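**Q**
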Amino acid sequence: MADEKIKVAYWPGCVSRGFTPELHGSMGWVAERLGIELVELDRANCCGAGVIAEHNQELADTLNARTFALAQQTGLSMMNICSTCQGAQSECQQRLDADSSYRAHINEVLSGQGLSYEKSEDGAWNNKNFLWLLVEDYGLDKLAAQVTRPLSGLRVGPFYGCYIVRPKERLGYGEYPDRDVYLEQVIKALGGEVVEYDGARKCCGFPVVTMNRETSLRQAGTHVGDAIDAGADCLVTPCPLCHLNLDMQQPEAAKVVNRDLGLAVLHLPQLVALALGASPKELGMSKHIASTGWVEERLASVPA
Amino acid sequence: MAEYTIKVRRFLPESGEGPFWEEFGVELDPSLSVLDGLLQAKDRDDGSLAVRCSCRAAICGSCGMKINGQSGLGCKTQIGEAQELADKKASALGEAVENVPIVIEPMGNMPVIKDLVTDMESTHWTKIRRVTPWLLPHGEAPEREYIVEPESMIDITQSMACIQCGACVSSCLSMEADPDFIGPAALAKAYRFVGDPRDAETVERLHDLANDPHGIYDCTHCFSCVDACPKDVAPMDQIMRLRRRAGEEGIEDPNSGHDHEIAFVKIIEKKGTLDEAMLVQESYAPGLKGKLKPSKRGLIETIKSLPTIIRALRRRKVGPMKAIPGTHHKLPGDAMNDVRAIYKHAEEHNEEFNLYIKGDEGELAEIEAEEAREDAAEATATPSEETPNG
Numbered sequence: 000m001a002d003e004k005i006k007v008a009y010w011p012g013c014v015s016r017g018f019t020p021e022l023h024g025s026m027g028w029v030a031e032r033l034g035i036e037l038v039e040l041d042r043a044n045c046c047g048a049g050v051i052a053e054h055n056q057e058l059a060d061t062l063n064a065r066t067f068a069l070a071q072q073t074g075l076s077m078m079n080i081c082s083t084c085q086g087a088q089s090e091c092q093q094r095l096d097a098d099s100s101y102r103a104h105i106n107e108v109l110s111g112q113g114l115s116y117e118k119s120e121d122g123a124w125n126n127k128n129f130l131w132l133l134v135e136d137y138g139l140d141k142l143a144a145q146v147t148r149p150l151s152g153l154r155v156g157p158f159y160g161c162y163i164v165r166p167k168e169r170l171g172y173g174e175y176p177d178r179d180v181y182l183e184q185v186i187k188a189l190g191g192e193v194v195e196y197d198g199a200r201k202c203c204g205f206p207v208v209t210m211n212r213e214t215s216l217r218q219a220g221t222h223v224g225d226a227i228d229a230g231a232d233c234l235v236t237p238c239p240l241c242h243l244n245l246d247m248q249q250p251e252a253a254k255v256v257n258r259d260l261g262l263a264v265l266h267l268p269q270l271v272a273l274a275l276g277a278s279p280k281e282l283g284m285s286k287h288i289a290s291t292g293w294v295e296e297r298l299a300s301v302p303a
Numbered sequence: 000m001a002e003y004t005i006k007v008r009r010f011l012p013e014s015g016e017g018p019f020w021e022e023f024g025v026e027l028d029p030s031l032s033v034l035d036g037l038l039q040a041k042d043r044d045d046g047s048l049a050v051r052c053s054c055r056a057a058i059c060g061s062c063g064m065k066i067n068g069q070s071g072l073g074c075k076t077q078i079g080e081a082q083e084l085a086d087k088k089a090s091a092l093g094e095a096v097e098n099v100p101i102v103i104e105p106m107g108n109m110p111v112i113k114d115l116v117t118d119m120e121s122t123h124w125t126k127i128r129r130v131t132p133w134l135l136p137h138g139e140a141p142e143r144e145y146i147v148e149p150e151s152m153i154d155i156t157q158s159m160a161c162i163q164c165g166a167c168v169s170s171c172l173s174m175e176a177d178p179d180f181i182g183p184a185a186l187a188k189a190y191r192f193v194g195d196p197r198d199a200e201t202v203e204r205l206h207d208l209a210n211d212p213h214g215i216y217d218c219t220h221c222f223s224c225v226d227a228c229p230k231d232v233a234p235m236d237q238i239m240r241l242r243r244r245a246g247e248e249g250i251e252d253p254n255s256g257h258d259h260e261i262a263f264v265k266i267i268e269k270k271g272t273l274d275e276a277m278l279v280q281e282s283y284a285p286g287l288k289g290k291l292k293p294s295k296r297g298l299i300e301t302i303k304s305l306p307t308i309i310r311a312l313r314r315r316k317v318g319p320m321k322a323i324p325g326t327h328h329k330l331p332g333d334a335m336n337d338v339r340a341i342y343k344h345a346e347e348h349n350e351e352f353n354l355y356i357k358g359d360e361g362e363l364a365e366i367e368a369e370e371a372r373e374d375a376a377e378a379t380a381t382p383s384e385e386t387p388n389g
């Protein structure tokens, strides 16, 4: 298994091709370097981010069943690069898998499109965030062996995103109980140092940014501030929506929590790519709002 | 029997000092509970250790606490499992996995009275009372009981399972940032009446909860309450049901909650993937259905979001085209046809598949098979040992 080349149906999500374009590009770089073949699902639709389910649950379930069916058509398991996609899609998949008559009802409309979502009895078909795939299918030892520029001395705070850590039962923690410590494991495999702080598994606040800006930005600002106080050089997240609140909104969050912030926030593929020798420029790090200069300085002191 | 170290966050109000940590060594079977461990420490080491408990069987809801940072009931958490979690965390941080203490704290988001005893009144019960937690029926009460179709009550059985332990309130990440948030327990209770066919004030309740800036649209969708709840109430799911019902009633709230939801749904129908600039604009100034109609709040919020957009443009994070609402590309034509067909089908049915009520057919089949095996085993074990009565 470990030596088999990984090939997945790749769902990049909306935000990685929208307001965080640097994520999509970095994922491509990392996949090529690690030898993970990505078959992009370029006709798939938005996961609904929980908002469509809030409006009409059946609509969200059918939209995601379509994405799953498109992936199944390629004969490959699916990979996403967004905690929110993971959570929203796992929620729909749980309902679809629970009941064959509900599944048949949803497949009714898909059949008109030559598609069908089939439950995988043994979990052979699955949908994993890059973080899960990296640890469970690629393997930490193999990853560590690929590192050409260890992140020595770089103090990294993990930030998971709610949708990839809760609810545990839905997200496969029964089978993979360590999924909420994978970021720590990856940081260490890349030679970095893990920073413990209060916010790692808390909410970035993004889902309510248009409804209650104050509540939303207070969450982002508090977590960034806590990480700074714990001595972090940067945060790393597998969720582009978290990235929007932690990075893009960071100057605004600083105003809400009334303190200076200024902490680099990296996407997971960027952190991996840095350890594999990529230059910050290739990874679009100049597009970040919070300067990544300090991270670059730190790494420059360690020869690639 | 196994030995454990429990590390308790203590607070003694009469001491005049702040909270402090104290470790206790306990010895008990891994299948016993964290509460059993605390009671042993209280019994053997320090009788002043305060913890509230009664039934010890996850029924009374008295022993809410945080165990390794996770809110739940002390009596429903096995100490062996709590140890595994503590070890896992230590290992992830590169610490030695030896004598790792199980960390026990009082519930969050509420004042601490002493040690693990929190003040349920000032937050939990006050918020519960906020949602008018009783039935407001049509007209005079009937002479005898209300008669309703049993099926019509199924929808609220999940919220009725609440035992008011406060674990969800303790875990709530929105409340951490906004103490005025009505919160998971009270909103789950609100749905218990909104979904009750006997209640006459459903629409008024929805208006109230949608219009409150700390109401249903203040939930940040973090699932903390779902994992904290010892009774599978999934308070967040009940909040989403309240939002759905408010949307169905066409309630236009001043928090842009309904507008945000409708904007999101319409954009995906139109483009297949998310046009982020349009979502921001439409949440504040819904114009898809007609002309731009920004509310005063919409205008203010739009102005507040400008610095963020300008920064993103300067950094070339977002190209000028991406910042303009409506310029986002559509999926290819045939894919858009698929998406539109899905919308049509789902809008006709709008089914809610409630897993709490319907269950997972695979798991149900396993339970049935297990029961059948047990019955068969019993039947063969006791073929003719029935003792005649008397």
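One line per chain: the protein sequences are X and E, in this order. For reference, each letter of the first sequence is one residue, going 0 to 303 in numbering that gives the first Met the number 0. For reference, each letter of the second sequence is one residue, going 0 to 389 in numbering that gives the first Met the number 0. Note that the Cβ used here is the ideal one computed from N, Cα and C, for glycine as well. All values derive from a computational prediction rather than experimental measurement.
1) Taking the alpha-carbon positions, what's the X:Val50 to X:Val235 distance?
2) Please report the residue range of the alpha helix (DSSP H) in which E:Val202 lies.
3) Determine the burial state of E:Phe19: buried for a count of at least 16 other Cβ atoms within 10 Å of its Cβ, exposed for fewer.
4) Compare the C-beta of X:Gln92 with all C-beta atoms of chain E and state if any pair is closer than 9 Å.
5) So, does the CB of X:Val108 fall closer than 9 Å to a CB anywhere in chain E?
6) Evaluate the contact criterion for the stretch 270-285 of chain E versus the stretch 36-48 of chain X: three or more CB pairs, one atom per stretch, below 8 Å.
7) If the cut-off is 8 Å on Cβ atoms, which residues from the stretch 79-104 of chain X count as contacting chain E, listed in chain order?
8) Going along chain X, which residues have a C-beta under 7 Å from E:Pro18?
9) Determine, using beta carbons only, whether E:Ala311 comes closer than 9 Å to chain X.
10) Compare the C-beta of E:Gly289 with all C-beta atoms of chain X and state if any pair is closer than 9 Å.
11) What residues of chain E sit near X:Lys4, judged by a beta carbon separation below 8 Å?
12) Run down chain E in chain order and give the residues with a C-beta less than 9 Å from the C-beta of X:Pro250.
13) With burial defined as no fewer than 16 other Cβ atoms inside 10 Å of the residue's Cβ, what is the status of E:Lys288: buried or exposed?
14) When the Cα atoms are used, what is the spatial distance from X:Glu195 to X:Tyr162?
15) Can you pull the chain E residues whose beta carbon is under 8 Å from the beta carbon of X:Asp225, in chain order?
16) Counting only C-beta atoms, is X:His287 closer than 9 Å to chain E at any point?
17) Check distances from the C-beta atoms of the stretch 164-176 of chain E to those of chain X and list, in chain order, the residues that come in under 7 Å.
18) Nearest chain X C-beta to E:Gly249 closer than 9 Å, yes or no?
19) State the DSSP-derived secondary structure class of E:Ser121, mapped to helix, strand or coil.
20) Alpha carbon to alpha carbon, how far is E:Asn390 from E:Pro12?
21) Do X:Gln56 and E:Arg243 have their CB atoms nearer than 9 Å?
22) How many Å lie between X:Gly224 and X:Asp177 at the Cα?
23) Residue range of the beta strand (DSSP E) that E:Met64 falls in?
24) At 8 Å on the CB atoms, spell out the chain E contacts of X:Gln269, in chain order.
25) Can you grab the Cα-Cα spacing for the pair E:Arg8 / E:Leu115, in whole Å?
26) Could you pull the DSSP bridge partners for E:Leu27 from this structure?
27) Spatial neighbours of X:Leu170 within its chain, please: C-beta separation below 8 Å, excluding the five flanking residues on both sides.
28) In the stretch 108-139 of chain X, which residues sit with their C-beta less than 7 Å from some C-beta in chain E, listed in chain order?
**A** Short version:
1) Rounded to the nearest angstrom, the two C-alpha atoms are 25 Å apart.
2) 201-210
3) It is exposed - the Cβ of E:Phe19 has fewer than 16 other Cβ atoms within 10 Å.
4) Closer than 9 Å: no.
5) yes
6) yes
7) Gly86, Gln93, Arg94, Asp96, Ala97, Asp98, Ser99, Tyr101, His104
8) Those within 7 Å of E:Pro18 in chain X number zero; the least Cβ separation is about 16 Å.
9) Under the 9 Å criterion on CB atoms, E:Ala311 is classed as interfacial with respect to chain X.
10) At E:Gly289, the pLDDT of 49 sits below 50, so the modelled position is not reliable; the number obtained from the coordinates is stated separately. Cβ-Cβ to chain X under 9 Å: no for E:Gly289.
11) Near X:Lys4 there are no residues of chain E at all, since even the closest Cβ is about 29 Å away, more than 8 Å.
12) Pro306, Thr307, Arg310
13) Confidence at E:Lys288 is low in this model, with a pLDDT of 48, below 50, so its placement is unreliable and the value that follows should be read with caution. By the 10 Å Cβ count, E:Lys288 comes out exposed.
14) Rounded to whole angstroms, X:Glu195 and X:Tyr162 show a C-alpha spacing of 20 Å.
15) Ordered by position in chain E, no residue passes the 8 Å Cβ test against X:Asp225, which lies about 12 Å from the chain.
16) yes
17) Leu172, Ser173, Ala176
18) no
19) helix
20) Any property of residue 390 of chain E remains undetermined from this structure, which presents chain E solely from 0 to 389.
21) yes
22) 26 Å
23) 63-66
24) Result: empty, since nearest Cβ-Cβ is about 14 Å, beyond 8 Å.
25) 8 Å
26) Beta-bridge pairing links E:Leu27 to E:Ala1.
27) Gln85, Gly86, Ser89, Ile163, Val164, Arg178
28) Those would be Val108, Gly111, Gln112, in chain order.
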